[in-house]
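Student: Position in the sequence shown (from 1) plus 209 gives the number in the working numbering.
All residues carry an ideal CB built from backbone N, CA and C; glycine is no exception.
Let me give you the structure first, and then I'll get to my questions.
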Amino acid sequence: MKLIQVNEDNFDTEVLQSDRPVIVDFYADWCGPCKMIAGVMEKISSEHPEIKVVKLDVDRFPYLAQQYDVMSIPTIMTFKGGKLYKKKVGFGNEGAILGLLK
């Protein structure tokens with residue numbers, strides 16, 4: 210599955226109203242660890258169709274980053290049933306990220 214870019218217009222639809230668990234990658238283009246985790250997110254997205262993986266650029270959409278208290282990037286959040294489930298700051302491997310849904 211292709212990673213979905215979310216923004217202030219589609220965040221509610223893609224994340225909060227999703228019928229699947231969602232992993233949100235809060236990132237910025239200039240962030241080295243964000244670039245490292247991008248490959249992990251792509252792998253999860255392609256190997257786990259039961260999970261929606263989305264990316265949110267904190268520089269372009271600071272309001273959403275602020276709303277979810279993103280102070281450092283990368284920040285990974287998981288949502289289930291429209292509610293924030295778990296949050297992790299910093300790089301994580303596939304197992305650590307998938308573990309946020311358990």
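In this structure, does DSSP put residue 224 in helix, strand or coil?
Tutor: Position 15 of the sequence shown, counted from the start, is the residue given in the question as residue 224. Helix.
Student: Under 9 Å between the Cβ atoms of residue 251 and residue 212?
Tutor: Your numbering for residue 251 matches position 42 in the sequence shown. Your numbering for residue 212 matches position 3 in the sequence shown. Closer than 9 Å, so yes.
Student: Determine the burial state of residue 305: buried for a count of at least 16 other Cβ atoms within 10 Å of its Cβ, exposed for fewer.
Tutor: Locating residue 305 in the sequence shown gives position 96, counting from the first residue. Exposed, because fewer than 16 other Cβ atoms sit within 10 Å of the Cβ of residue 305.
Student: Ordered along the chain, which non-local residues of its own chain (more than five positions away) have a Cβ less than 8 Å from that of residue 263?
Tutor: On the sequence shown, residue 263 is found 54 positions in, with the first residue counted as 1. Closer than 8 Å at the Cβ level, and outside the excluded window around residue 263, lie 212, 213, 214, 215, 223, 224, 231, 232, 233, 234.
Student: Label residue 244 either buried or exposed according to how many other C-beta atoms from any shown protein chain fall within 10 Å of its C-beta, with 16 as the threshold for buried.
Tutor: Here residue 244 refers to the residue found at position 35 when the sequence shown is read from its first residue. Residue 244 comes out exposed.
Student: Tell me the DSSP secondary structure of residue 285 in three-state form.
Tutor: Mapped onto the sequence shown, residue 285 falls at position 76. Three-state DSSP puts residue 285 in a strand.
Student: Return helix, strand or coil for residue 232, following the three-state DSSP convention.
Tutor: As a working mapping, residue 232 is identified with position 23 in the sequence shown. In the structure shown, residue 232 sits in a strand (DSSP, three-state: E or B).
Student: Tell me the DSSP secondary structure of residue 260 in three-state form.
Tutor: The residue labelled residue 260 in the question sits at position 51 within the sequence shown. Coil.
Student: For the alpha helix (DSSP H) that contains residue 272, what are its first and last residues?
Tutor: Stepping through the sequence shown from its first residue, residue 272 is reached at position 63. Where residue 272 is concerned, the enclosing alpha helix (DSSP H) stretches over 271 to 276.
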